[in-house]
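Protein sequence lines correspond, in order, to chains Z and B. Quick note, the first sequence lines up with residues 1 to 180 if you use full-length UniProt numbering. Quick note, the second sequence lines up with residues 1 to 180 if you use full-length UniProt numbering. Ideal placement from N, C-alpha and C gives every residue a C-beta, glycine not left out. Working notes for the structure below.
There are 2 protein chains.
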Amino acid sequence: MKYCGECGNPVEQRVPQGDNRTRDICTVCEVIHYTNPRIVAGTIPVWKNQVLLCRRAIEPRYGYWTLPAGFMENAESTTEAAIRETWEEAMARVSVQGLYTMISVPHIDQVHLFFRAVLVDGTFGAGPESLETRLFTEADIPWDEISFPTVKRTLELYFEDRKQADYPLHVSDIRRPLKT
Amino acid sequence: MKYCGECGNPVEQRVPQGDNRTRDICTVCEVIHYTNPRIVAGTIPVWKNQVLLCRRAIEPRYGYWTLPAGFMENAESTTEAAIRETWEEAMARVSVQGLYTMISVPHIDQVHLFFRAVLVDGTFGAGPESLETRLFTEADIPWDEISFPTVKRTLELYFEDRKQADYPLHVSDIRRPLKT
Ligand SMILES: [Zn+2]
Ligand SMILES: [Zn+2]
């Protein structure tokens, strides 16, 4: 940020009084402009022992496979965001079962939330951000073409937990860009 | 937002191509300025059957009691944010046990995360944002002087679950300002 969103004058980077972090502060109106991590919400959409994945039609990771997920919007809940993203990217209606992974990604200021979910009627399609969508059995998952480390970790945990049919919440971090 | 943070020129509110929500878009450089919900992270700090609460030294809700919690910062994890806030507000070192409540508050664009935690050595104090901090037994909790609905709900769930010594994750929403 270079200019103040409130008055349009230049901001400077300094630590406000009583704070301990550098912030963007307006040189004229003195408003402090905070920035905070963003939430990415998505689902693991399941239908008859298969998981629905989307092949990305947008950068980054064009052409790679992902779970449906995207940035949570203002004025919605985490669950609503996950359901909306599943609809927009995979054209699938889901019933959400519970939060499954919460993965902080500090180097990009994001927190990724994946909910377990079941397709309501087994129908799906490709939204504008997807080249195609497809149901995969565990054996067919394209592990070398998964878009993001948080998606890969969530899928790995899911198939591991499925052996016991017990899906506890997994809270973890991914600390740096990982090769996938 | 009235001005573009990148170039300082006025923004306008309109729906970008391919989007379905109104955004702040710069009239000159055309940058789209997204805003997203913020995460508030905190703990339920427990010591010998008692819960540590902080009496707020800042607005909103000056003088009311709260669990230690605050806005998650960039470059940290959710757990780190909860531990940091507990240190800053209650001067208490905690060991985090697990995510306990995730409460979306859509009308103020926030998601509140509370982790169960245990004081490491039983010491605590009042940070700059607290008038005082105190350990409370369940019978002593000042229910009529709790700062925020998410804190009240988290405490209610905690004492209910404590009867069974079983603390599943609770995901819920609070849809409008509630009287406390
Ligand atoms: Zn300004
Ligand atoms: Zn601009």
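Asparagine 20 of chain Z has its Cβ no nearer than 7 Å to any heavy atom of ligand 2. Taking a C-beta cut-off of 8 Å against chain B, the contacting residues of the stretch 158-172 of chain Z are Leu169, Val171, listed in chain order.
In chain order, Asn36, Pro37, Val111 make up the part of chain Z whose C-beta sits under 8 Å from the C-beta of methionine 72 of chain B. For leucine 99 of chain Z, the neighbours in chain B by C-beta distance under 7 Å run, in chain order, Met102, Leu169, Val171. Any Cβ of chain Z closer than 8 Å to the Cβ of proline 60 of chain B would place that residue at the interface, and such an atom is absent. Chain B has no Cβ within less than 8 Å of the Cβ of alanine 90 of chain Z. Residue-level contact check: threonine 123 of chain Z does not touch chain B, since none of the beta carbons of chain B fall below 8 Å from its beta carbon.
Per DSSP, the beta-bridge partners of leucine 52 of chain B are B:Leu135. In the DSSP assignment, aspartate 144 of chain Z forms no beta bridge with any residue. A contact is defined here as three or more CB-CB pairs under 8 Å, and the stretch 93-113 of chain Z fails this definition with respect to the stretch 56-67 of chain Z. For valine 11 of chain B and methionine 1 of chain Z, the gap between their C-alpha atoms comes out near 14 Å. Using beta-carbon distances, proline 106 of chain Z counts as an interface residue toward chain B, with a partner under 8 Å. In the structure shown, the three-state DSSP call for isoleucine 39 of chain Z is strand.
Considering only B:Thr79, B:Val28, B:Asp19, the residue with the shortest C-alpha distance to alanine 117 of chain B is B:Thr79.
Going by DSSP, glutamate 12 of chain Z is part of the beta strand (DSSP E) stretching over 11-14. Interface annotation, cysteine 4 of chain B: in contact with chain Z, CB-CB separation under 8 Å. With respect to the 8 Å criterion, phenylalanine 124 of chain Z and threonine 137 of chain Z are not classified as neighbours on the basis of their beta carbons.
For tyrosine 62 of chain Z, the secondary structure class from DSSP, reduced to helix, strand or coil, is coil.
Ranked by Cα distance from phenylalanine 159 of chain B, the first of B:Tyr3, B:Asn9, B:Asp140 is B:Asp140.
Alanine 75 of chain Z sits exposed, since fewer than 16 C-beta atoms from the chains shown fall within 10 Å of its C-beta. At a cut-off of 8 Å between C-beta atoms, threonine 86 of chain Z does not count as an interface residue with respect to chain B.
Contacts with chain Z at 8 Å (Cβ-Cβ) do not include cysteine 29 of chain B. Look at glutamate 145 of chain Z: its C-beta is not under 8 Å from any C-beta on chain B. DSSP places alanine 90 of chain Z within a helical segment (H, G or I) once states are collapsed to three.
In the DSSP assignment, aspartate 24 of chain B falls within the beta strand (DSSP E) that extends over 23-26.
The set of residues with any CB-heavy atom separation to ligand 2 below 6 Å comprises, in chain order, B:Cys4, B:Glu6, B:Cys7, B:Asn9, B:Cys26, B:Val28, B:Cys29, B:Val31.
The contact set of alanine 75 of chain B on chain Z, defined by CB atoms closer than 9 Å, consists of Pro37, Pro106, His107, Asp109 in chain order.
The beta-carbon distance between glycine 127 of chain B and glutamate 88 of chain B, rounded to whole angstroms, is 5 Å. This is short enough to meet the 8 Å contact definition.
Beta-bridge analysis with DSSP links proline 149 of chain Z to no other residue. Here alanine 81 of chain B is not near phenylalanine 114 of chain B, since their CB atoms are 8 Å or more apart. The distance from the Cβ of threonine 43 of chain Z to that of threonine 86 of chain Z is about 5 Å, consistent with a contact at the 8 Å cut-off. Of B:Val46, B:Ile146, B:Ser147, the smallest CA-CA separation from arginine 162 of chain B is found for B:Val46. No Cβ-Cβ contact shorter than 8 Å links cysteine 29 of chain B with tyrosine 3 of chain Z.
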